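J.: Quick note: the sequence shown uses the working numbering, first residue 29, plus one each step.
Before we start, here is the structure in question, set down as structure tokens.
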Amino acid sequence: MFITWGSKTVSRDLGPDGRRHCPTCECQRGFYKHLAYRVHHIMWLFRWPTGVRYASRCDQCGHGAPIDAVQVRADLGKSPVAWIDRYGWLLGIAAVAAFFLWAILSDPHPPVR
């Protein structure tokens, strides 16, 4: 059986975050909300995110500062982390449980008493 595992970094732009002074550019710039996290996987089905980070970044130089995750999720109304990345581990467990249930129920030779 071939088992794969790995991870990838996901980066998403979450929209504008207003205009303010950028210390790197030394002038007024537009800022945007940014999300970055790492997704680990086993067989591409068991997935879980780690290191979820939110930041407000300058749209010119990319310089930024961390922002509060709770506030960002409240502003968006939901978590911007993809559903499959948040709950992929549950799908994996459900698939394994379904396989074992199928194996138990499809046994052609029930135990003799």
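Using N, Cα and C, we set each Cβ at its ideal position, and we do this for glycine too.
These figures come from a predicted structure and were not determined experimentally.
Hey, Ser84 and Ala97: beta-carbon distance below 7 Å or not?
T.: For Ser84 and Ala97, no; Cβs fall outside 7 Å.
J.: Could you pull the start and end residues of the beta strand (DSSP E) that Ala110 belongs to?
T.: Counting along the chain, Ala110 falls outside any beta strand (DSSP E), and DSSP gives it neither H nor E.
J.: Compute the minimum distance between the beta carbon of Thr32 and the heavy atoms of the ligand SAH, and state whether it is under 6 Å.
T.: The ligand SAH is absent from the structure shown, which contains no ligand whatsoever.
J.: Distance, Cα to Cα, Gly120 vs Glu54?
T.: Going by the C-alpha atoms only, they are around 49 Å apart.
J.: Would the beta-carbon of Arg47 fall within 7 Å of that of Gln88?
T.: Taking 7 Å as the Cβ cut-off, Arg47 and Gln88 do not qualify as a contacting pair.
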